[in-house]
Every structure is written in structure tokens, then in C-alpha cells.
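Asks: Here it is: the structure, laid out below.
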Amino acid sequence: MKKRLQSTGMISVLLLFSLACSLSQIPQIFGEYPTNPGSLLFQDGFSDPSSGWDRVQNQSGRTDYENDRYRIVVNATNADYWANPGLYFKDVLIDVDAGKTSGPDDNDYGVLCRYQNMENFYFFIISSDGYYGIGIVKDGEQKLLTPPQMYHSEVIIPGNGPNHLQVTCSGSRLALSVNGEYLAEAFDSSFVDGDIGLIVGSFDIPGVDIWFDNLSVMVP
Numbered sequence: 233m234k235k236r237l238q239s240t241g242m243i244s245v246l247l248l249f250s251l252a253c254s255l256s257q258i259p260q261i262f263g264e265y266p267t268n269p270g271s272l273l274f275q276d277g278f279s280d281p282s283s284g285w286d287r288v289q290n291q292s293g294r295t296d297y298e299n300d301r302y303r304i305v306v307n308a309t310n311a312d313y314w315a316n317p318g319l320y321f322k323d324v325l326i327d328v329d330a331g332k333t334s335g336p337d338d339n340d341y342g343v344l345c346r347y348q349n350m351e352n353f354y355f356f357i358i359s360s361d362g363y364y365g366i367g368i369v370k371d372g373e374q375k376l377l378t379p380p381q382m383y384h385s386e387v388i389i390p391g392n393g394p395n396h397l398q399v400t401c402s403g404s405r406l407a408l409s410v411n412g413e414y415l416a417e418a419f420d421s422s423f424v425d426g427d428i429g430l431i432v433g434s435f436d437i438p439g440v441d442i443w444f445d446n447l448s449v450m451v452p
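If you use the numbering used here, the sequence shown corresponds to residues 233 to 452, in order.
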């Protein structure tokens, strides 16, 4: 079974000042960047609301810390909301738990890597009805790097989940595993470094409400 990822009007939850920032203004968290595989680069259990993630609420959605988790709600149709911690990474292995609080199963949620700005980044997504995909937003144009549709997998726990996502951004290799099972990979060299992020999207029905927890970023 296939599910087409619609081209959505990308809605960033960053403030205008943040949108004006370049990667050179994003703080590096290391004097010398770790290179040993498995070295911990960043982790967040979202218990501290001052850990750096966006906290925004408006009519179309919200992103904020809540009950020791990070929550993203999309109240608009055919829209994506995402949040970033404002950090800088090279190659990364990202792990995070995520699940649905409420809303339609026809959604998407996941992880960003090599985030340059709101028009340039990679995304790794699954849906509450069991689909997955790896894609890129480049110069504001969104496309899947895996085949042009999202594919279904029984590995993904449907409905409220939860699901454990693992994302690899290493060299030109981009890979997605869910609940310990490899699902897909793609290759692209458009971006080599950048911020990370969490993303949630809606399709025809609004009200997608997703939580994230136990985020870690390591050297792959």
C-alpha cells in the first residue's frame, strides 16, 4: 500500500528573529567535535522548559513542553509544524520516542536533521496509520527521497503508538529505523551539517497532537 505525501504549506514555529539566523550564528556545543562512534552529543527528556526548544502557540498550532514531554499540535489542514533546539551538528544518530495524544491517524510525525533554515533540511517521518518516508526540503520545495509515496509497514505501531524512531544522517546516507527495525535509506549530499528538529504534519483533517520524549543525539 502507498500513501502520497502531499506538498504542504510549510509553517515554521520559529520566531522571526530565529528565521534570520544563519548556521554561523547557531552555537556549537563542543570545542572539538567528537568523532568516536556512540559519543553523546545531546540529550533531552524535556523536563526542563529552558532547554532551548521553541515555545510557540497560535491559532494554527502550538509547540511546547508539557508533562516532561515535548508536544506539537497542528490545528490547520495540510500543514507542518516543527521545532528546533538551535544547535549545530555534523553526522548524527538520533533516537526519540513519540506517540499520538489525539487527532486523526492520517498524519505524519518525526525528526529533522541538517536543518539550515525553514526552506532547507531533511525529514524522517512516520504516520499513525503505519506509513513512513525520508525526504528533503530544498529551496522551499518538498519531496520524498525514498520512492514518491510513503510506504506501509507493520513495524509501526498504529494509533496512539508509541513508536521509537532512530534516524541516521552520516555522510550522504540518510536512514530510518522504527522500533528497532530498519525501514528505509536514501542518499543525498545537499546538506552536510546543521540543526536537528521535531516535526508534525496534518493532511485533510486538523487537530494532530503528538508528543516526543527521550531524545538523544550521538555520533553514528
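Idealized CB from N, CA, C, for every residue including glycine.
1) Restricting to Cα atoms, I'd like to know which of E298, G270 and Q289 is closest to G277.
2) Is the segment 391-398 touching the segment 267-286 in the sense that three or more CB pairs, one from each, lie closer than 8 Å?
3) Compute the distance between the beta-carbons of G426 and Q348, then report whether it is under 8 Å.
4) On the criterion of 16 or more Cβ atoms from any shown chain inside 10 Å, does V424 qualify as buried, or is it exposed?
5) Could you give the distance in angstroms between the alpha-carbon of G365 and the alpha-carbon of G433?
6) Let me know the secondary structure DSSP gives Y297 once reduced to three states.
7) Provide the residue(s) that pair with R303 in DSSP beta bridges, ordered along the chain.
8) In the DSSP assignment, the beta strand (DSSP E) including K217 goes from what residue to what residue?
9) Alpha carbon to alpha carbon, how far is V410 from I304?
10) I'd like to know whether the C-beta atoms of P336 and V440 end up nearer to each other than 8 Å.
11) I'd like to know whether the C-beta atoms of N339 and F435 end up nearer to each other than 8 Å.
12) Near D361, what residues of its chain come up, given a Cβ to Cβ distance below 7 Å and the 5 sequence neighbours on each side ignored?
13) With a floor of 3 residues, list each beta strand (DSSP E) that falls wholly inside the segment 366-441, ordered by position along the chain.
Replies: Reading from the atomic positions:
1) E298
2) no
3) yes
4) exposed
5) 13 Å
6) strand
7) D296 and W443
8) The chain is shown only over 233 to 452; residue 217 falls outside these bounds and no answer can be derived.
9) 20 Å
10) yes
11) yes
12) D337, D338 and P390
13) 373-376, 382-384, 395-402, 405-410, 413-419 and 427-434
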